[in-house]
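So the structure is just underneath, and the comments pick up after that.
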């Protein structure tokens, strides 16, 4: 029966031990063979080096004359023969021992006694001497058996390499740099994985002033000997001095991996991360320091502070809690204070009180609780509703010591403000009134408390006091202006917000405001609101128009810009730099830069886009060369990079209802001031920007206002689109068509789009009467009475009871009867008069209808009938009536017209005077003029 090692259990104990010794000797021989072959690895030596912070291993790139990885293949033949000889000798010894063990096991004799102590006697052969030495080595190996290569065998140097290194060092010491470089290059060829020659090369190049080669040599030396931190530390300093932050960070991580117990290196890495803005990594470094040195409380507090600064408040709280839980019998009050403050910022006041109470129990009567912790305790009690306990905690805060307790008093007062107990807050704020260090802040807080308590006079007093210290404080100025308006002190508020008469430099030297306070947009908005409320239109327009106009112009430019603009080659190259340093003169390249995940994603996309553009460019060049043409680059954006878009003074202009009302009021104010072109420009920009976002109701308001302005501007063609829109939205509205026709009549030359629109309306809505009438009127104006009569008759079919259509049809037929080509003139005149009499019936014998019939008779030569109807007109007195308007304006439109513009008695008297004069009744003609046409 055999065990797992192949040894029979039934044999005697001594024999089994001897067999086991033989197997162990055989295993040791195999291990020795592996050691000599270089395959054995000492325990702990072959473990992969753990990278700190997940840094990737950087690729190594050697220059042509110093590439040790290529020179490894050129090992001398003598070294190879020596290694082969040793391997054969060990194989022979191992085979001999195996044969001895096999012979012992095959005989099956009794127990084999242990071999006596062997000594080398005089005259022993070489084989016997080797046998005795191997046996002694094996017996010694059992006592302290180790796996892997024996110490010292890995880095054992030959005499040749040692001699060359020594000679090179002597050459360097005596200033013979070229000879030293030659010897060191030979050493690198023979032993490429040895760090010493690279380090000496770095010293040589540094003495020669070649910083680039020196840095490269040091980098190779450190990379070949990664576990020697003394090689990495100088590289960190030199990399920082040369501005290679990514390389310095990489070398620093390697140095920490080589010497994890060196706390100084971790401090340095944390400092480097803080300089580059990587607060999270710096916090992790300080946390590692705190774990290595549990008594280092400062490192722990710094880590907690940095975690909070990086936005990880929960992690900051956890490490502080862990420290206090691990030290229950000790109370580091600064840690308790930080933890309590963190819980209070997260509104966890109960947990904050638990740790403060624990600190009080640990301290006992040994020392008193610091005032800051007592204040934290009081604030927590206040938020939990225990106001009596809170006041007890706040009792040490007195005005006598207020100068040294400012921050704590302000914290207590702010707590009461958060709880809307402004009277209690005011008590603590008043403790600090008069101290120069924070006078403006305290005055502002007192003013806000008085304002909340509706004590306006006291609030205004302290607001003015705060403004004296900081004139550029916009929020304080606006709050004071609002308070003055509530007290009906508009003039004082206007003076407060208006620019000073002699504007100079700001008194607040610590202010970072680049522009004076009176140019701030919020101030101008507030001032314009006051002017608009008081009805001061000119001042209102003067203040707010530049801001609104600039905002609309910039928004319009933003709208024209492409949503996904084409990035230039320079911008793409700048983004790709995040992926590596791209140091062409360095032996190492592609150091990972400290960047966020978003930046890395952008960099990868930019790299792909650069490759795509390069491929496309090569294809274009090839195609141009194949066609025999000269290829020219069209990357104009690389020569002239696109400028960043400017931000408007009022962002999100149309998302705010107040801003929309402001634009609307500004357009109406400009219209009232007859600044039509400016109002029309604002309306155009507004409708252009918001054609997809603005509601239909708000759009109609701007279109209607634009249509009203179009009737008053110098060039009516600018407002044609607005009137056309109104007509399209209200095709049945007579007032809309009246505005449209008034605009068309003011056009000196006919617009092509007017004719197209009119034709479109006639085709789309064939039963619509207003386009027929407008078309007929246009034909009448160019004396095409037959076509005009056809249009009027089409309208008459739709609306036979319309007085206007009957008037137009009758007038057209009368004018047509006076033509030379018409055969039945009398019939045409009769038809025309019939329509005019219909108009007279529908108008109930109005002055205008009588005048139209008299004018028709006069026109065709029936003067006796014309005189009769003129006399009827003179007998009627007509009152004025307003013109129909689409948009109601504030002022009465009839004020611009002379009184009596609807009365036709003067026109009838003049025409009747012509009839009398032509018939010879001169006295009667003069009398008519004297009675009706004399001022």
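Numbering (the working numbering), first residue to last: 74 to 1008.
Yeah, the Cβ is synthetic: ideal placement off N, Cα and C, and Gly gets one too.
Bear in mind that the values here come from a model prediction, so they are computed numbers and not experimental data.
Non-local C-beta neighbours of residue 538 in its own chain, meaning closer than 7 Å and more than five positions away in sequence, comprise 516, ordered along the chain. Contact check for residue 916 against residue 952 fails: the beta carbons are separated by 8 Å or more.
In its chain, beyond the 5 residues on either side, 373, 408 have a beta carbon closer than 7 Å to the beta carbon of residue 396. Shown here, residue 480 sits in a helix according to DSSP, grouped into three states. When the beta-carbon positions are compared, residue 298 and residue 287 stay at least 8 Å from each other. For the pair residue 451 and residue 463, the Cα-to-Cα distance works out to about 4 Å.
By the neighbour-count criterion, in which a residue is buried when 16 or more other Cβ atoms sit within 10 angstroms of its Cβ, residue 954 is exposed. Distances from the CA of residue 687 to each of 950, 720, 641, 534 were compared; the closest alpha carbon is that of 641. Short of 7 Å from the beta carbon of residue 369, and not among the five residues preceding or following it, lie these beta carbons of its own chain, in chain order: 362, 363.
Spanning the alpha carbons of residue 574 and residue 817 requires a straight line of approximately 50 Å. Between residue 277 and residue 270, the CB-CB gap reaches or exceeds 8 Å.
Note on geometry: alpha-carbon atoms of residue 353 and residue 281 lie some 41 Å from one another.
Exposure of residue 607 is indicated by the presence of fewer than 16 other C-beta atoms within 10 angstroms of its C-beta. Taking a C-beta distance under 8 Å as the contact criterion, residue 433 and residue 442 qualify as a contact pair. The count of Cβ pairs closer than 8 Å, one atom from the region 837-852 and one from the region 873-891, reaches three, so the stretches are in contact.
Annotated three-state conformation of residue 253 is helix, per DSSP. Approximately 12 Å separates the beta-carbon atoms of residue 253 and residue 272; this is outside 8 Å, ruling out the contact. The C-alpha of residue 735 lies about 41 Å from the C-alpha of residue 500. Within the region 509-551, the complete alpha helix (DSSP H) runs of at least 4 residues fall at 512-525, 529-542.
In the DSSP assignment, residue 844 falls within the alpha helix (DSSP H) that extends over 842-854.
Annotated as distal: residue 933 and residue 988, with beta-carbon spacing of 8 Å or more. In this structure, DSSP gives residue 883 a helical state, which the three-state scheme calls helix. 529 is the residue among 388, 529, 540 whose C-alpha sits nearest the C-alpha of residue 560.
In the structure shown, residue 369 falls within a coil segment according to DSSP collapsed to helix, strand and coil. For residue 394, the uninterrupted alpha helix (DSSP H) run begins and ends at 386-399, by DSSP. When secondary structure is reduced to three states using DSSP, residue 738 falls in the helix class.
Spanning the alpha carbons of residue 564 and residue 357 requires a straight line of approximately 59 Å. For residue 786, the three-state secondary structure derived from DSSP is coil. By the 16-neighbour rule on beta-carbons within 10 angstroms, residue 172 is exposed. The alpha-carbon separation between residue 726 and residue 763 amounts to approximately 10 Å. Closest option to residue 733, judged by alpha-carbon separation, among 831, 598, 749, 837: 598. Rounded to whole angstroms, the separation of the alpha carbons of residue 512 and residue 506 is 7 Å.
Non-local beta-carbon contacts of residue 930 in its own chain, meaning distances under 6 Å to residues more than five positions away in sequence, involve 938, 939 in chain order.
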